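This report concerns only the one structure given below.
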Amino acid sequence: MKILIDIVRYIVGGLFIFSGLVKVVDPVGTAIKLEEYFAVFAGDIASFFSVLEPYALVIGIVLNVLEVTLGIALIIRWRVRYTLNLLSIMIVFFTFLTFYTAYFNKVTDCGCFGDAITLTPWQSFTKDVILVVLIGFLYLNIQKIKESTFGPKNIIVVCTAAISFLLCIYSVRHLPPIDFRAYKVGTNIPEAMQAKENPKFQYTFEKDGKEIKTYEYKSEEEGYTLTGHEITNPDASTPKITDFATWNESGDKTNEVLSGKKLWIVAYDISKASTEGLIDINNLLLRLSPDIKPIILTSSSAEEVLRIRAERGMKTDFYYADATVLKTIIRSNPGLVLVQDGTVKEKWHFNDVPDPYDVTENLN
Numbered sequence: 000m001k002i003l004i005d006i007v008r009y010i011v012g013g014l015f016i017f018s019g020l021v022k023v024v025d026p027v028g029t030a031i032k033l034e035e036y037f038a039v040f041a042g043d044i045a046s047f048f049s050v051l052e053p054y055a056l057v058i059g060i061v062l063n064v065l066e067v068t069l070g071i072a073l074i075i076r077w078r079v080r081y082t083l084n085l086l087s088i089m090i091v092f093f094t095f096l097t098f099y100t101a102y103f104n105k106v107t108d109c110g111c112f113g114d115a116i117t118l119t120p121w122q123s124f125t126k127d128v129i130l131v132v133l134i135g136f137l138y139l140n141i142q143k144i145k146e147s148t149f150g151p152k153n154i155i156v157v158c159t160a161a162i163s164f165l166l167c168i169y170s171v172r173h174l175p176p177i178d179f180r181a182y183k184v185g186t187n188i189p190e191a192m193q194a195k196e197n198p199k200f201q202y203t204f205e206k207d208g209k210e211i212k213t214y215e216y217k218s219e220e221e222g223y224t225l226t227g228h229e230i231t232n233p234d235a236s237t238p239k240i241t242d243f244a245t246w247n248e249s250g251d252k253t254n255e256v257l258s259g260k261k262l263w264i265v266a267y268d269i270s271k272a273s274t275e276g277l278i279d280i281n282n283l284l285l286r287l288s289p290d291i292k293p294i295i296l297t298s299s300s301a302e303e304v305l306r307i308r309a310e311r312g313m314k315t316d317f318y319y320a321d322a323t324v325l326k327t328i329i330r331s332n333p334g335l336v337l338v339q340d341g342t343v344k345e346k347w348h349f350n351d352v353p354d355p356y357d358v359t360e361n362l363n
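In this text, residue positions in the sequence shown follow numbering that gives the first Met the number 0: the first is 0, and each later residue adds one.
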């Protein structure tokens, strides 16, 4: 029994550590996901949840740090009952979120593992139910889990929490040190918008009362009745990027934005963009090489963009894009993305606006 208890303890602790780590490096992504949840709950459950939206980043950081810290605490057997109590509260909260997501189909991705691993709503709920069972098992056997007598365990827990928190702060003030998103540096966006393979279908037919599964389509003239079908290669037949598009009043500008040497100034909401960041970016544009064309990508209205441009003395062209896509491209408002012939060459947070030489150095 002791071996089984230890195995379950390491599985639960390891899952919480992994889940926390992939989100600690991208707390802004966690905040975006929490904002989605709060917006849905405010409309469906109680308007109170809208009050939480401005605090999504703080809540996300706390949850991410807790996941990593409690996972470590469980593995080293630090204050076992206290650790299991907190883990139980968290997993009940997460299970409610994932069930609501799955049952009502409100948020298509729970963000349980950040952008590192994407789970369907029902997969996320199933994962949480399994964790509830495993944590319940540990509770039933809590008397058999002896707290560690290892001296520095308090220091380990405190250091884990401190390092996780500092990593969150770094990722907010700069950019995620590890990028799991589809627009990471090195990605060729036009290629990522194309599927690697054509979809392969497996058909389910019924004939003479028997169910038949086959990759070959059978006709009704042969006595077959089609009852269903599924794609057997969804990962290869689905492009990594499906929602990238830019436009202005004259029409689609996606190809133009992806051609040549471009410096994207990404501001999903330009009215909320950092003033200091816009000033630093404008200073960069005044000294930027003429063969690199800067453009603003935003989901804000034309009136808002024109007002900000006039205030900052910017003459840069601007195009529209979906706000969610822009938040996915870069976790900074505003942020800089250097693109050459559709390939993402480099990204910069508004706190790290580069010199013109650093921009040119990243081009071929």
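Beta carbons: idealized from backbone N, C-alpha and C, even for Gly.
In this text, all values refer to a predicted model and were calculated from it rather than measured experimentally.
Using the Cβ count rule (16 or more neighbours within 10 Å means buried), how would you classify A101? buried
Ranges of the beta strand (DSSP E) found wholly within the segment 145–224, counting only runs of at least 3: 200–206, 209–213
Pick helix, strand or coil for E248, following the three-state DSSP scheme. coil
Give the C-beta separation of I264 and I295 to the nearest angstrom, bearing in mind that I take them to be a contact with Cβ-Cβ under 8 Å. 5 Å
Cβ-based burial, N361 [other Cβ within 10 Å; buried from 16]: exposed
Tell me the DSSP bridge mates of F143? The sequence as given places Lys at residue 143; Phe does not occur at that position. The partner list for K143 (beta bridge, DSSP) is empty, contrary to what the question assumes.
Once DSSP output is grouped into helix, strand and coil, what is the label at T29? helix
How should L96 be labelled, buried or exposed, when 16 other C-beta atoms within 10 angstroms of its C-beta is the threshold for buried? buried
Grab me the residues of S298's own chain with a C-beta within less than 8 Å of its C-beta, minus the 5 sequence neighbours each way, in chain order. Y267, D268, Y319, A320, D321, A322, L325
Let's see if you can read the secondary structure: which residues bound the alpha helix (DSSP H) around F93? 79–103
Tell me, please, which residues DSSP counts as bridged to T342. N187, Q339
With the cut-off set at 7 Å, would you say T327 and R180 are in Cβ contact? yes
Which runs of the beta strand (DSSP E) spanning at least 3 residues fall entirely within the segment 263–342, listed in chain order? 292–297, 316–319, 334–339
Compare the Cα-Cα distances from I71 to each of D351, G12, I60 and report the closest residue. G12
What separation, rounded to the nearest whole angstrom, lies between the Cα atoms of K145 and R76? 7 Å
Whose CA, out of T231, P333, T245, N363, lies closest to the CA of K271? P333
Which residues in the same chain as Y169 place their Cβ atom closer than 8 Å to its Cβ, once the five residues preceding and following it in sequence are excluded? P176
Given 8 Å as the limit, is there contact between the segment 191–211 and the segment 226–243, that is, 3 or more CB pairs closer than that? yes
Using a 10 Å radius around the Cβ and a threshold of 16 neighbouring Cβ atoms, would you call D178 buried or exposed? buried
Could you tell me which residues DSSP puts in a beta bridge with K22? DSSP output for K22 lists no bridge partner at all.
For the candidate residues N63, Y54, S18, whose alpha-carbon lies nearest to that of P26? N63
Length of the line joining the Cα atoms of T125 and L20: 21 Å
Backbone CA spacing between D127 and L86 [nearest angstrom]: 12 Å
Are the beta-carbon atoms of I280 and K260 separated by less than 7 Å? no
For the alpha helix (DSSP H) containing V67, list its first residue and its last residue. 55–74
Endpoints, the alpha helix (DSSP H) within which A397 is located: In the structure as shown, the chain starts at 0 and stops at 363, and residue 397 therefore has no counterpart that could be examined.
Among L133, K105, F136, D114, whose alpha-carbon lies nearest the alpha-carbon of W367? No statement about residue 367 is possible, as the shown extent of the chain runs from 0 to 363 and does not include it.
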